[in-house]
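All remarks here apply to the structure that follows.
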Amino acid sequence: MKLVAPLSAFDRGDLATAGGKGANLGELVGNAFPVPDGFVVTTQAYEQVAQGRSTRQQLERAELADDLRQAIIAAYAELGGGAVAVRSSATAEDLPGAAFAGQQDTYLNVVGEQALLDAVRRCWGSLFTERAVAYRARLGIDDAEVRIAVVVQSMVEAEAAGVMFTADPVSGDRSKIVVDASSGLGEAVVSGLVTPDHYVLRQSGEIDFAPGRREVVIRGVAGGGVVHESGCTERAERLPDAVLTELGRLGRRVAAHFGRPQDIEWAYAKGRVHLLQARPMTALPPPPVGPLNPVRRRMATVLMEYLPVRPYPIDMTTWLPYGPAGLMGKVTRSFGLRQAFEGFLEEEDGVVYRIVPPSPRPSLRMLATPFKVVTKARRYDPARWTEDRRFLDYLAAVERMRARDLAAMSWAELARVPRQALDLVEPVAGLRIDYLPGTGLALLRLILALRLIGCAKWYGPLMGGTRTRTSDANRALERLAEVARRTGALKGGPQPEEFTRELAAFLAEYGHRESASPILVTPPTWSEAPEIVLSLVEVLAAEPPRDKPRDALDRLLTHPRLRSERRRAWMTRLVAAARAGVAFREDSHLAFMLPHPILRRSLLEMGRRLTERGVLDRPEAVFHLRLEELEGIADVAALRPEDAERLRETVRARAVKREQLSGVRLIDPAEVFGAGDTGDALITGAPAGGGTATGPVKVIREPAEFGLLAAGDVLVCPYTNPSWTPLFQHAAAVVVDTGGAASHAAIVAREYGIPAVMGTGSATSVLENGQVVTVNGDTGAVTAAP
5 MKLVAPLSAF DRGDLATAGG KGANLGELVG NAFPVPDGFV VTTQAYEQVA
55 QGRSTRQQLE RAELADDLRQ AIIAAYAELG GGAVAVRSSA TAEDLPGAAF
105 AGQQDTYLNV VGEQALLDAV RRCWGSLFTE RAVAYRARLG IDDAEVRIAV
155 VVQSMVEAEA AGVMFTADPV SGDRSKIVVD ASSGLGEAVV SGLVTPDHYV
205 LRQSGEIDFA PGRREVVIRG VAGGGVVHES GCTERAERLP DAVLTELGRL
255 GRRVAAHFGR PQDIEWAYAK GRVHLLQARP MTALPPPPVG PLNPVRRRMA
305 TVLMEYLPVR PYPIDMTTWL PYGPAGLMGK VTRSFGLRQA FEGFLEEEDG
355 VVYRIVPPSP RPSLRMLATP FKVVTKARRY DPARWTEDRR FLDYLAAVER
405 MRARDLAAMS WAELARVPRQ ALDLVEPVAG LRIDYLPGTG LALLRLILAL
455 RLIGCAKWYG PLMGGTRTRT SDANRALERL AEVARRTGAL KGGPQPEEFT
505 RELAAFLAEY GHRESASPIL VTPPTWSEAP EIVLSLVEVL AAEPPRDKPR
555 DALDRLLTHP RLRSERRRAW MTRLVAAARA GVAFREDSHL AFMLPHPILR
605 RSLLEMGRRL TERGVLDRPE AVFHLRLEEL EGIADVAALR PEDAERLRET
655 VRARAVKREQ LSGVRLIDPA EVFGAGDTGD ALITGAPAGG GTATGPVKVI
705 REPAEFGLLA AGDVLVCPYT NPSWTPLFQH AAAVVVDTGG AASHAAIVAR
755 EYGIPAVMGT GSATSVLENG QVVTVNGDTG AVTAAP
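Encoded structure:
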């Protein structure tokens, strides 16, 4: 490849030579888009000059070899001389996951050979500005791997210019094109110096317009350079409809050509629209999922609660399809309901992009479901599920695999462990299929009985009194907190032996519990992150635990309609059966998580070995790979350099994409929970725990922040799972972005008698720490306290 070549010589496959900007522009030129003529000073030219120079100052002062100088001057002459725009084009920019917008320099209205050569050198030097280095560091991109080309194009003396997004950057709506425009050169819009005119082009042909203020206008001046003029005298005229129509047409063509929404800089001059650059839109929200029926809305609520963090590729190929979500898919299919727990996540560039609430569909098998449910309910009693031979065999198999030494295995043996751990879970679906019918019928009988005596509202409190492995864990935490109070274990210094011993026993019993999500393998367990447990202990040890209300069953049995011994015995049996069903549902989940730590340890051991070989920079980076990609490595010790590089590039690209999506929600909560008028309330949601309580807001976003909660705070959190519930005995109330009245948070809140509001959608972003609010668990409203 030449040191200098025309834009038409490149296409999007020439990233390594022309950089992201140059490759994309070459692709547009080759497909007859209206792009100003230009040429590229290639990365080979940069490498020739950059030898031994690694700072901005060194590159800006570098002497150019004569052949390179002449090549640039000749290309400039062939372009016609005159004013040109000189733009940096690094090999790491304008990628699907990393735009690098504004990280390297651009020089406009450059006139003359010497000015051009100086601008090229300054573009090279901009590769090492503080902002560019920091941006690459955040994305995990090694400075040594990045090269930079320079794009030189004929200057367009724009009457108006700006930026066009081929999808709404706020809502993600792909049916809209958003155009920001202002007078003069587009740099005023790109750099944020002006409030631009704002247009939204709809597919129907309608155009929404909001005029800008044109505070500054940037124009080229004779002899080179630009000037910033006050825009106060500019008339704020709309772009002609014909120009907007042409922008919309070109924008849709560019997006269709590249196969994804684009961020396009454009200029309008002498009756013609020019495209100055195009790059993939980054951090773009998923497109709206459209109207949700009640079933899809309920499914979305559940999925949002179970997916508080973005799954990794390794999640998508291990625990997600084979763990609890996969198990429930098998259960629902066995009863004739298809597509309930599969296909609800979409990926883009190998990274999970959005949640699409599934639409469960009945099959002919569902006609036999009532008979199947009754038959299984009679045969399989949820109160006796732990005596089932399948469960006992499962526990034994888990223990055998847990005892294996992963570090001593060969790579071939280790690579088989993830599948073996997942196979352990396979038979467990049968237990759920067999015992859930009895659970469902027991709950239904209790609901009908309570309605019969006019006590339907007692159902929640009665189920809140169920003893489960979760409630056992919470009581064990309380005992651990009592040991901490008594021994001073949390006052700093070495921990007392008694507390250390009790903590180890607790983790041995409950350490396999998930910290963030039961359907992902990548978040650590309690054993791997004992600081979560210590944070809970710190909260619980701050003061004696709140007394729980009297068991709801004892109170219910005093009801006038249950005066006879026979009726009280009848109700006691119904409650016991329902509680056994709830305990089965809860405890079987915890038991089914036992293979999770084995799977996670095997993946991290593979990551450790890949890190030792220099393929990964840390063991956890293995989460960016799919299981089949790991299984495709025959022997890590004999990994070929080209295969190692391919894996490194895969991990890097997915890590960059994931970082760019870090601020993007998997689904817009407003689509799930609505965004109606809240009246006087600060936020509203589903009422899930009765009563009212007032206190200061404490936003807790993740388990690592558990220790921040103080007694009497209103706990505001994005999601909950059983790990969060010990906090409830000290919180005044709980307000959650996700979930519903049947979620863990709601059940435990009712057990402790504190108000709960679920499914608010945005409480964590609306409510602020220290803000004093009143939570009404009966109406679902959170209001400002007087």
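Every number in this note's numbering is 4 more than the matching position in the sequence shown, counting from 1. Beta carbons: idealized from backbone N, C-alpha and C, even for Gly. Fair warning: this is a prediction, and the values are worked out from it, not measured in the lab.
Span of the alpha helix (DSSP H), counted from its first residue to its last, around residue i
| i | result |
| --- | --- |
| S357 | Here residue 357 turns out to be Tyr, not Ser, going by the sequence shown. No alpha helix (DSSP H) contains Y357, which is instead part of the beta strand (DSSP E) from 355-359. |
| T110 | From DSSP, T110 is part of no alpha helix (DSSP H) but of the beta strand (DSSP E) over 110-115. |
| E663 | 645-664 |
| E64 | 60-64 |
| P601 | 599-616 |
| S727 | From DSSP, S727 is part of no alpha helix (DSSP H); its letter is neither H nor E. |
| E569 | 569-596 |
For residue i: DSSP bridge partner residues
| i | result |
| --- | --- |
| M762 | A690 |
| Q207 | Partner(s): none; Q207 has no beta bridge. |
| H278 | A271 |
| Q266 | P284 |
| A749 | Its beta-bridge partners do not exist; DSSP assigns none. |
| H202 | D184, A214 |
| V45 | V8, V154 |
| L349 | I359 |
Residue i versus residue j - alpha carbon distance
| i | j | result |
| --- | --- | --- |
| W530 | R605 | 13 Å |
| E506 | L349 | 41 Å |
| P700 | R644 | 58 Å |
| V579 | P441 | 16 Å |
| V174 | E663 | 18 Å |
| F43 | R283 | 18 Å |
| A75 | L7 | 7 Å |
| V761 | E632 | 42 Å |
| V770 | G711 | 22 Å |
| P200 | V114 | 25 Å |
| P707 | A520 | 7 Å |
| N780 | T742 | 17 Å |
| G224 | L19 | 30 Å |
| A381 | E391 | 16 Å |
| T724 | Q775 | 21 Å |
| N478 | G176 | 42 Å |
| V193 | R650 | 39 Å |
| G354 | Y756 | 43 Å |
| R455 | L484 | 41 Å |
Cβ-heavy atom distance, residue i to the ligand HEM, below 7 Å
| i | result |
| --- | --- |
| W574 | In terms of ligand content, the structure shown is empty, and the ligand HEM therefore cannot be addressed. |
Host beta strand (DSSP E) of residue i (start-end)
| i | result |
| --- | --- |
| T778 | 776-780 |
| I222 | 220-224 |
| N478 | Careful: N478 lies outside any beta strand (DSSP E), inside the alpha helix (DSSP H) at 473-491. |
| Q805 | Given that the chain is displayed from residue 5 to residue 790, the structure contains no residue 805 and the question cannot be resolved. |
| G166 | 164-169 |
| A94 | 87-94 |
| T787 | 785-788 |
| L719 | 718-721 |
| V739 | 737-740 |
| L557 | Here L557 belongs to no beta strand (DSSP E); instead the alpha helix (DSSP H) covers 556-560. |
| V230 | 230-234 |
| E241 | Neither: E241 is in no beta strand (DSSP E) and is coded neither H nor E. |
Residues of its chain near residue i, where Cβ-Cβ distance is below 6 Å and the 5 sequence neighbours each way are ignored
| i | result |
| --- | --- |
| F339 | T373 |
| T791 | Past the boundaries of the shown model lies residue 791; the chain is included only from 5 to 790, so the question cannot be answered. |
| A407 | none |
| M537 | Here residue 537 is Val; the residue named in the question, Met, does not match the sequence. For V537, where only same-chain residues beyond five positions count, the Cβ hits under 6 Å are W530. |
| G695 | P759, G781 |
| A304 | P361, V676 |
| C721 | I704, V740 |
Chain-order list of residues whose beta-carbon lies under 7 Å from that of residue i (same chain, five-residue window excluded)
| i | result |
| --- | --- |
| V360 | V293, F348, E350 |
| E609 | L410, A411, L418 |
| A162 | G188, L189, G190, A271, Y272, A273 |
| R572 | L561, L566 |
Residues near residue i by beta carbon distance below 8 Å, same chain, minus five either side
| i | result |
| --- | --- |
| L63 | V53, A54, R57, R125, W128, G129, L131, F132 |
| L713 | V543, K702, I704, L719, L731, H734, A735 |
| T615 | D621, R622, P623, A625 |
Enumerated in chain order, which unbroken segments of the beta strand (DSSP E) with a length of 3 residues or greater are wholly contained in the segment 674-712? Within the segment 674-712, the complete beta strand (DSSP E) runs of at least 3 residues are 690-693, 696-703.
Start-end ranges of the alpha helix (DSSP H) lying completely within the segment 166-197, minimum 4 residues: Whole alpha helix (DSSP H) segments, 4+ residues: 191-194.
What runs of the alpha helix (DSSP H), each 4 residues or longer, lie entirely inside the segment 494-563? If one requires a minimum length of 4 residues, the alpha helix (DSSP H) runs lying completely within the segment 494-563 are 501-514, 534-545, 556-560, in chain order.
Mind pulling the alpha helix (DSSP H) runs of 4 or more residues that sit fully within the segment 371-440? Along the length of the segment 371-440, whole alpha helix (DSSP H) runs at least 4 residues long occupy 373-383, 393-406, 415-429, reported in chain order.
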